[in-house]
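Report on the following structure.
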Amino acid sequence: MCCVEKVGVGLAVLIFACSLSGCGALFVDKYVAGDAIAGGDIVMQVAAGQNVDPFAAGRAAAQALKDKMGQTAPHAVIIAECFEDRADKNRALKGVCSVFPRRIVFGFATYGSFSQAGCLDVDSVGLLGIGGEGISVAAALRENLGIAGLTMEADENELQSRLQTAGADLAGGTGRRKDDRLLVLMADAHSPKNQFLVEGAQRVVGRKFPITGGSANKNAGQSYVYYQGRMYTDSAIALMLSGDFEVSQSGRQAKDNAKVISSAAAGAAEAMAGATAKPFGVLAYNCAGRKGKLDNLSDELAAIQIGIGKTIPLFGCYCAGEIGPADIAEKNTGVLSSGVGWHVMFTVLRK
Amino acid sequence: MVADRYVQFVALGMAVLFAPLAGANGPAGRAVLELRVQNFTVPPSTGPVGHVVVRNVGDTAYKGRVQLKLPAGWIYTPTAFDLSPAPLESLRLPFTIDKAVDTKTNSYAVELIATEDAGGEISRKQNIVCAGAPYFKPKIDGDISDWADSIPVTFVVNGKRCVIRTYWTKRLWSVCVEVEETKLGGYRKNAEGGTVDAVQFALAVGGAETGSKPDDKANRYEFLIADCPGLFAKDKCFLLARPGDALGLSQQVRRLDGLEFAEAKVVVKRKGKTTVYECSIPFSAMPQIRPDTGRDICFSVLVHDPDGTGIRDWGKAAGLWQSQRNKYAWCSWQGVKWADPPPYDNKIEWGLCSSKY
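Top line first, the protein sequences correspond to chains A and B. Each residue of the first sequence is one higher than the last, beginning at 10 in this note's numbering. Each residue of the second sequence is one higher than the last, beginning at -19 in this note's numbering.
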């Protein structure tokens, strides 16, 4: 059962957000799917496609995901694509939306993706499907962040103000439920700017609430986020996953080949440790810089699989900034999640 | 400008140049260190890992400590390295930058101070750069306006400026070299020696090393770009070496006519007193190199200005050691005018990084 409600956030919220950001073109959109039932099934599946024809890659990945989801219609499909330039990205998105309804497709441009089946670089699409009666998904879009071209060196205060506001808009825009479990942020705001977005979201959900996610590919002409099958730049999206399940998180930082591999193994093992419920999915928002340091991409995946095994659906992607538990000396101990770089952020979902 | 200077510079050759200040008698029976801070391969503000390279060129083991000094206000670890390299052993010592600020000049003053347990101290000051290619696809047309978001690497030879800029995408490697020179000598078939102005550059996977014997195999992709005068003539790129070629090939004075590399786009334009060399090369022609954000590669440049400064060598400006000159590092070609000693090695650190914003 999937009830979809599309709500332009109320005028009051819109005016409030505009007044905070000083942005006349602000738009916040909201999507809600599913009404999580305690004890209901949760289906999380992953599929991927790689093809120089972006439409074919998107469609093949989506068809594979649909087959894996079986009779369960997904509440949301998260896309992590790695194609060059707007036209090819759009074709990949259309390929996915030729299989799934546009309104349930969310995600962002990345530097590649990985799953239990392997690592994919250019000309690829990775997909995560989320469905079942035991989980619901609420999504929000925040357009016109107003940060394109701003730098930390010259515009830190402006970035802080705009992104904290946007983070609060997004977290608030998903609506709050008693069974909210995990907030996923995907933004055209790379590290270290992503920390401001997280701080804004934490004003709404609290400093100890689990948040994960990643920053879109920051390269010129590539920095898109996707909301209901449409492309946006200078924007951010949020997905709130709610229901009768648990999450556990871990983050690890590294900057050279050997440490990227060993830190991935340690992070994956920590996120899995102490499990009392059965894992049904793992999210891994990983750093593109870490990927660049790897002599063989599959070495890090193999290390992750030591920690999580080879059967739990794994949705991984390479980003320009990661959100989760920071593995840095000067981290704020009063918060669970931070926006940082050079990390792999694991979130294990269990039921 | 990239400059480096040894505090106790004594022009008596390598042994004395790097010898400890106290009690130095040259390398015989002594440990003698060569020191260098490698260029950053991504902007320092992104918190990269940097590297100090050290080589013991003496004939006994060295035991001591090397202190690293980066610009004031930066936070980095470690700030010193305990080390004990054996004779002729090289070490590459990583350090992590936690807090740093990028500069518009792309020049960073650094210093290494080596203190031997047995006594004696040497130091080296350098101005290093961020040697990195941001992600972008420029139009190859001789107009450098779309290189504004690159990271310029500037060096000066005999008062003449060179600026190297690079970009990358998943499919293309692009380079722009501005060469300040009095006049431009173009390439013509059967060119005579010492008449051709050109830019020669080489790419290789990160960490590659150049061999020292003619039978050793090359592990680089080496190109030459030059102006071709004439109303309808197209500027040219030549492929001089690729991985697997015997290094001995580099010593043959080959005609360029048969080495044209048609897959490259090249434009050479004169603008005032500066020649702009602009070129893009598909990564498909360099399959050993994986174009990926954060990936380290090797990239180096020789500028040929035979009627002006002679050869301008990025390797020298980047602070390579004298011992890193290698005649097998660069290919000869008909029309080239080499200097003596040979150029520095072509395996200089360079990075593929994300776009500026």
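We put the beta carbon where it would ideally sit given N, CA and C, even for glycine. Quick caveat: nothing in here was measured; it's all calculated off a predicted structure.
Listed in chain order, which residues of the stretch 149 to 161 of chain B have Cβ atoms closer than 8 Å to some Cβ of chain A? Going along the stretch 149 to 161 of chain B in chain order, one finds Thr149, Lys150, Arg151 with a Cβ nearer than 8 Å to chain A.
Give me the Cβ distance between Ile161(A) and Leu168(A), rounded to the nearest whole Å; I'm assuming they're in contact under 8 Å. Taking the first residue of the first sequence as position 1, residue 161(A) is located at position 152. Taking the first residue of the first sequence as position 1, residue 168(A) is located at position 159. Here residue 161(A) is Met; the residue named in the question, Ile, does not match the sequence. Sure, about 7 Å apart at Cβ, within 8 Å.
May I ask you to report which of helix, strand or coil DSSP gives Ala297(A)? Locating residue 297(A) in the first sequence gives position 288, where the first residue counts as 1. Helix.
Rounded to a whole number of angstroms, what is the C-alpha to C-alpha distance between Glu47(A) and His199(A)? Numbered from 1 along the first sequence, position 38 holds the residue referred to as residue 47(A). Numbered from 1 along the first sequence, position 190 holds the residue referred to as residue 199(A). The residue asked about is misnamed: residue 47(A) is Ala in this sequence, not Glu. Going by the C-alpha atoms only, they are around 36 Å apart.
Determine, using beta carbons only, whether Asn341(A) comes closer than 7 Å to chain B. One-based indexing of the first sequence puts residue 341(A) at position 332. With respect to chain B, the C-beta atom of Asn341(A) has no partner C-beta closer than 7 Å.
Euclidean distance between Cα positions of Ser346(A) and Thr254(B): Against the first sequence, residue 346(A) aligns to sequence position 337. Against the second sequence, residue 254(B) aligns to sequence position 274. For Ser346(A) and Thr254(B), the distance between alpha carbons rounds to 51 Å.
In the DSSP assignment, the alpha helix (DSSP H) including Asp62(B) goes from what residue to what residue? Against the second sequence, residue 62(B) aligns to sequence position 82. Counted as a single uninterrupted DSSP element, the stretch harbouring Asp62(B) is not any alpha helix (DSSP H) but the beta strand (DSSP E) occupying residues 60 to 63.
Is there a Cβ of chain A sitting closer than 7 Å to that of Val185(B), yes or no? Here residue 185(B) refers to the residue found at position 205 when the second sequence is read from its first residue. Not an interface residue.
Sub-7 Å separation of Leu340(B) and Ala128(B) beta-carbons: The requested residue 340(B) does not occur in the structure, where chain B is confined to residues -19 to 337.
Starting from Ala163(A) and walking both ways along the alpha helix (DSSP H), at which residues does that stretch end? As a working note, residue 163(A) is residue 154 in the first sequence. Unbroken alpha helix (DSSP H) run through Ala163(A): 161 to 182.
Run through the DSSP bridge pairs and tell me what Lys49(B) is partnered with. Sequence index remark: in the second sequence, residue 49(B) carries index 69 (1-based). Partner(s): Glu91(B).
Beta carbon of Gly377(A) nearer than 7 Å to that of Asn203(A): In this structure chain A extends from 10 to 360, so residue 377(A) is not present and cannot be described.
Spatial distance of Ala(-5)(B) from Trp301(B) (CA atoms): On the second sequence, residue -5(B) is found 15 positions in, with the first residue counted as 1. On the second sequence, residue 301(B) is found 321 positions in, with the first residue counted as 1. At Ala(-5)(B) the pLDDT is 33, less than 50, meaning the model places this residue with poor confidence; the figure from the coordinates comes in the next sentence. Between Ala(-5)(B) and Trp301(B), the alpha-carbon positions lie close to 12 Å from each other.
Decide yes or no for the touch test of the stretch 96 to 108 of chain A against the stretch 51 to 68 of chain A: beta carbon pairs closer than 8 Å, at least 3 of them. Touching, yes, given that three or more Cβ pairs across the two stretches are closer than 8 Å.
Roughly how many angstroms lie between the CA atoms of Asn99(A) and Met240(A), to the nearest whole one? Sequence index remark: in the first sequence, residue 99(A) carries index 90 (1-based). Sequence index remark: in the first sequence, residue 240(A) carries index 231 (1-based). Between the alpha carbons of Asn99(A) and Met240(A) lies a distance of about 7 Å.
To the nearest angstrom, how far is it from the Cα of Asp97(B) to the Cα of Val90(B)? Here residue 97(B) refers to the residue found at position 117 when the second sequence is read from its first residue. Here residue 90(B) refers to the residue found at position 110 when the second sequence is read from its first residue. Spanning the two alpha carbons is a distance of roughly 23 Å.
Taking the alpha-carbon positions, what's the Ala273(A) to Ile139(A) distance? The residue you call residue 273(A) lines up with position 264 of the first sequence. The residue you call residue 139(A) lines up with position 130 of the first sequence. Going by the C-alpha atoms only, they are around 24 Å apart.
The stretch 256 to 285 of chain A: positions lying closer than 9 Å to chain B by Cβ: Correct list: Lys264, Asp265.
Please list, in chain order, the chain A residues whose beta carbon lies closer than 9 Å to that of Thr76(B). Within the second sequence, residue 76(B) is the residue found at index 96, counting from 1. Neighbours of Thr76(B) in chain A, taken as residues whose beta carbon is under 9 Å from its own, are Lys264 in chain order.
Identify the continuous alpha helix (DSSP H) that holds Glu208(A) and give its terminal residues. By 1-based counting over the first sequence, the position of residue 208(A) is 199. Counting along the chain, the alpha helix (DSSP H) containing Glu208(A) begins and ends at 203 to 214.
Buried or exposed by the 16-neighbour rule on C-beta atoms within 10 Å, applied to Asp76(A): Looking up residue 76(A) in the first sequence gives position 67. Classification of Asp76(A): exposed, given that the 10 Å Cβ count is below 16.
Unbroken beta strand (DSSP E) runs of length 3 or more, entirely within the stretch 83 to 121 of chain A: which are they? Given a length threshold of 3 residues, each whole run of the beta strand (DSSP E) inside the stretch 83 to 121 of chain A is given here in chain order: 83 to 91, 114 to 118.
Chain B contacts made by the stretch 62 to 75 of chain A, where a contact means CB separation under 7 Å: For the stretch 62 to 75 of chain A, the set of positions with a beta-carbon nearer than 7 Å to some beta-carbon of chain B is empty.
Can you tell me whether Ser30(A) is helix, strand or coil according to DSSP? On the first sequence, residue 30(A) is found 21 positions in, with the first residue counted as 1. Only weak support exists for where Ser30(A) lies, its pLDDT of 42 falling under 50; the value from the coordinates is given anyway. Correct three-state label for Ser30(A): helix.
With DSSP as the reference, label Thr255(B) as helix, strand or coil. The residue given as residue 255(B) occupies position 275 in the second sequence. In the three-state reduction of the DSSP assignment, Thr255(B) falls in the strand class.
Ordered along the chain, which non-local residues of its own chain (more than five positions away) have a Cβ less than 6 Å from that of Ser260(B)? For the purposes of this step, residue 260(B) is taken as residue 280 along the second sequence, with counting starting at 1. Closer than 6 Å at Cβ, skipping near neighbours: Ile120, Leu152, Ser154, Lys245.
Take Pro65(B) and list the residues in its own chain whose beta-carbon comes closer than 6 Å to its own, dropping the five residues that flank it on each side. Taking the first residue of the second sequence as 1, we reach residue 65(B) at position 85. The residues are Asn36, Tyr42, Leu71.
Might you give, ordered along the chain, the residues of its own chain that have their beta carbon closer than 6 Å to the beta carbon of Gln47(B), omitting 5 neighbours on each side? Working through the second sequence from its first residue, we reach residue 47(B) at position 67. Hits under 6 Å: Ala60, Ile93.
State yes or no: is the C-beta of Gly333(A) within less than 7 Å of the C-beta of Thr174(A)? For the purposes of this step, residue 333(A) is taken as residue 324 along the first sequence, with counting starting at 1. For the purposes of this step, residue 174(A) is taken as residue 165 along the first sequence, with counting starting at 1. The Cβ atoms of Gly333(A) and Thr174(A) do not sit closer than 7 Å to each other.
Quick check: the stretch 209 to 217 of chain B against the stretch 129 to 138 of chain B, are at least 3 beta-carbon pairs closer than 8 Å? A contact between stretches requires three or more CB pairs, one per stretch, nearer than 8 Å, and the stretch 129 to 138 of chain B fails this requirement with the stretch 209 to 217 of chain B.
If you run the structure through DSSP and keep just helix, strand and coil, what is Glu279(A)? Within the first sequence, residue 279(A) is the residue found at index 270, counting from 1. Helix, per DSSP.
C-beta neighbour in chain B for Val353(A), strict 7 Å: Against the first sequence, residue 353(A) aligns to sequence position 344. Output row for Val353(A): interface = no.
Quick one: does Val131(A) have its CB under 7 Å from some CB of chain B? Along the first sequence, one-based indexing puts residue 131(A) at 122. Residue contact with chain B for Val131(A): present (Cβ-Cβ distance below 7 Å to some residue of chain B).
Under 8 Å between beta-carbons, which chain A residues line up against Arg275(B)? List them in chain order, please. Reading the second sequence from its first residue, position 295 is the one you call residue 275(B). Proximity of chain A to Arg275(B) at the Cβ level (cut-off 8 Å) is accounted for by Gly301, Lys302, in chain order.
Alpha carbon to alpha carbon, how far is Val185(B) from Gly3(B)? Give it in angstroms, no decimals. As a position in the second sequence, residue 3(B) is number 23, starting the count at 1. As a position in the second sequence, residue 185(B) is number 205, starting the count at 1. In this prediction, Gly3(B) has a pLDDT of 32, which is less than 50 and means its spatial position is unreliable; what the coordinates show is noted afterwards. If I take the Cα positions, the gap works out to 41 Å.
In chain B, which residues lie less than 8 Å from Asn60(A) when you measure between Cβ atoms? Against the first sequence, residue 60(A) aligns to sequence position 51. Under the 8 Å cutoff, chain B gives no residues; its nearest Cβ is about 15 Å from Asn60(A).
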